[in-house]
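S.K.: Submitted below is the structure of interest, expressed as structure tokens.
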């Protein structure tokens, strides 16, 4: 098969991820540094065939972890870019994403979570929130 496509990168807090729906729809940032590819593009890239998902994290001390899932796709905008995630396969990070499966994407101006408030506002970033999250890779960036 092919290689991995990176659709999100955060490494130094240089790009603000607390953005509106339209920004996440189209994408933002620069691929050489921090970015979100865009939900429309992610949907197109994941809408045919089976795509696996691998999440790689590294902390400030250089410790690396990962999690891998059997399949990953997001639905189109009319379904609010709902996360469709397969089973957790492997990794030393553990599974913090499966609880977000089958949930719509929320931003500060488009609240699609199942919480009384707006999780995207509370946690300063868009995500596939439930009541709010067990993982959120787009939230407020805390340096060291």
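In our numbering, the protein residues as written are 155 to 298. Using N, Cα and C, we set each Cβ at its ideal position, and we do this for glycine too.
(1) Go through the region 229-267 residue by residue and report every complete run of the beta strand (DSSP E) that reaches 3 residues or more, in order.
(2) Would DSSP call residue 198 helix, strand or coil?
(3) For residue 223, which option in 251, 267, 231 and 212 has the closest C-alpha, if you only look at C-alpha atoms?
(4) When the Cβ atoms of the region 267-277 are set against those of the region 242-251, are three or more pairs found closer than 8 Å?
(5) Would you tell me roughly how many angstroms separate the C-alpha atoms of residue 273 and residue 281, rounded to the nearest one?
(6) Tell me which residue opens and which closes the alpha helix (DSSP H) that residue 176 is part of.
(7) Considering only C-alpha positions, which residue in the set 297, 218 and 265 is nearest to residue 284?
(8) Does residue 221 come out as helix, strand or coil in the three-state DSSP assignment?
(9) Taking just the CA atoms, how far does residue 219 sit from residue 238?
(10) Verify whether the separation of the beta carbon atoms of residue 235 and residue 193 is less than 8 Å.
(11) Just to confirm my understanding: we take residue 174, look at its own chain, exclude 5 residues before and 5 after, and list those with CB closer than 7 Å. What are they?
(12) How close, in whole Å, do the beta carbons of residue 287 and residue 254 come, if the pair is a contact with beta carbons under 8 Å?
(13) Excluding sequence positions up to five away, which residues of its chain have a Cβ less than 8 Å from the Cβ of residue 165?
(14) Measuring only between beta-carbons, confirm whether residue 195 sits less than 8 Å from chain C.
M.R.: In brief:
(1) 237-239 and 242-245
(2) Along the chain shown, one-based indexing puts residue 198 at 44. In this structure, residue 198 counts as helix in the three-state DSSP scheme.
(3) Along the chain shown, one-based indexing puts residue 223 at 69. Check the Cα spacing between residue 223 and each of 251, 267, 231 and 212: the tightest is with 251.
(4) no
(5) As a working note, residue 273 is residue 119 in the chain shown. As a working note, residue 281 is residue 127 in the chain shown. When rounded, the distance between both Cα atoms is 9 Å.
(6) If you number the chain shown from 1, residue 176 lands on position 22. Residues 175-180.
(7) Numbered from 1 along the chain shown, position 130 holds the residue referred to as residue 284. When 297, 218 and 265 are compared, the shortest CA-CA separation from residue 284 is found for 265.
(8) Against the chain shown, residue 221 aligns to sequence position 67. Three-state result, residue 221: strand.
(9) As a working note, residue 238 is residue 84 in the chain shown. As a working note, residue 219 is residue 65 in the chain shown. Residue 238 and residue 219: Cα-Cα distance of roughly 22 Å.
(10) Your numbering for residue 235 matches position 81 in the chain shown. Your numbering for residue 193 matches position 39 in the chain shown. Between residue 235 and residue 193, the C-beta spacing is below 8 Å.
(11) Along the chain shown, one-based indexing puts residue 174 at 20. Result list for residue 174: 261, 262 and 263, in chain order.
(12) Against the chain shown, residue 287 aligns to sequence position 133. Against the chain shown, residue 254 aligns to sequence position 100. About 7 Å; that satisfies the 8 Å criterion.
(13) The count along the chain shown starts at 1 and reaches residue 165 at position 11. The residues are 187 and 188.
(14) In the structure shown, chain C does not exist; there is a single protein chain.
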